[in-house]
Amino acid sequence: TAKINVAIDGPAGAGKSTVARQVAAQLGYLYIDTGAMYRAVALAVMRRKLPLSDEEAVARLAEGLQIELRPGSEGQQVLLDGEDVSRAIRTPEVTKRVPQVAAIEAVRRVLVNLQQKMAAGKGVVMDGRDIGTHVIPNAEVKIFLTASVEERARRRYEELKRTNAHLTYEQLLHDIAERDRQDRERLTAPLVQAPDAVLLDSTGLTIAQVVERIVQICRRVL
Ligand code: C5P
């Protein structure tokens, strides 16, 4: 049967990457984590200590970077100019900075271009903020995955408390809400549900239940 494209968008910590990876595995499709690409650009910007106000320099840097995604043992492996930065892009410092880098129009132009090439052959499950609205507006299946901000902070806290003893639930709640605000309020491709996306609230659902719902929606189209 012909392959389709699946777009999964939503706020931070809604479980998009976990869900998207499992949906891709069940369909035999390629999973693409676009957040990792914005994180890689943010990391490069921070390493070069470029001021974010110098959008032209940031854009020039983004254009020259080589960003590759590869399937890895724990999620997606991210290569930045050949270096494995899978861990380096997940630090709190990078996480906090990404929305500012992602708000720069020229950065989005570079990454969206790459993402559209990746999706051109169909058979991808792509997660992000603007996939259904801008990257693959003709995706056969579009999901907007949410959960209450408290639930998202609670899940993140459960996930991180073992490795980070200083982290508090309140801090996470604040950080997640702030990142969402920046992603929703930016002018270029803000976080918003596409009119034709299926809204899925995962509050109170297990990962397996969310995956099953999405795979069902895909099978209806396939
Ligand atoms: O998905 P993840 O939380 O890793 O994304 C990190 C950040 O990258 C988001 O908060 C957002 O600022 C940016 N992003 C984006 N567009 C996407 C994916 C991520 O602006 N398609």
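Residues 4 to 225 in UniProt numbering are what the sequence shown lists, from first letter to last.
Note that CB positions come from ideal geometry on N, CA and C, so glycine has one too.
Computed from a predicted structure; not experimentally measured.
Residue i in three-state terms, based on DSSP
| i | result |
| --- | --- |
| R127 | It should be noted that the sequence gives Val, not Arg, for residue 127. Note: V127 maps to strand in three-state DSSP. |
| A39 | helix |
| G67 | helix |
| V81 | strand |
| P95 | helix |
| R73 | strand |
| D178 | helix |
| L190 | coil |
| D57 | coil |
Limits of the alpha helix (DSSP H) - the one that residue i falls within
| i | result |
| --- | --- |
| R111 | E108 to A122 |
| L30 | K19 to L30 |
| A211 | I210 to V224 |
| I146 | No alpha helix (DSSP H) contains I146, which is instead part of the beta strand (DSSP E) from V144 to T149. |
| A156 | V152 to L163 |
For residue i, the nearest candidate out of the options (CA to CA)
| i | options | result |
| --- | --- | --- |
| A197 | F147, K164 and L208 | F147 |
| V115 | L208, I134 and Q174 | I134 |
| T37 | Q118, L55, R73 and E96 | Q118 |
| R93 | K145, R24, A43 and T149 | A43 |
| G124 | D130, V113, I139 and R132 | I139 |
| N8 | L176, L30 and D183 | L30 |
| E215 | A28, A122, I107 and V101 | A28 |
| R189 | Q69, Y34, V101 and L82 | V101 |
| A200 | D186, Q212, D183 and R132 | R132 |
| K145 | S89, E173 and G13 | G13 |
| E58 | E108, T191 and E162 | E108 |
Terminal residues of the beta strand (DSSP E) in which residue i lies
| i | result |
| --- | --- |
| L202 | V201 to D204 |
| D12 | V9 to D12 |
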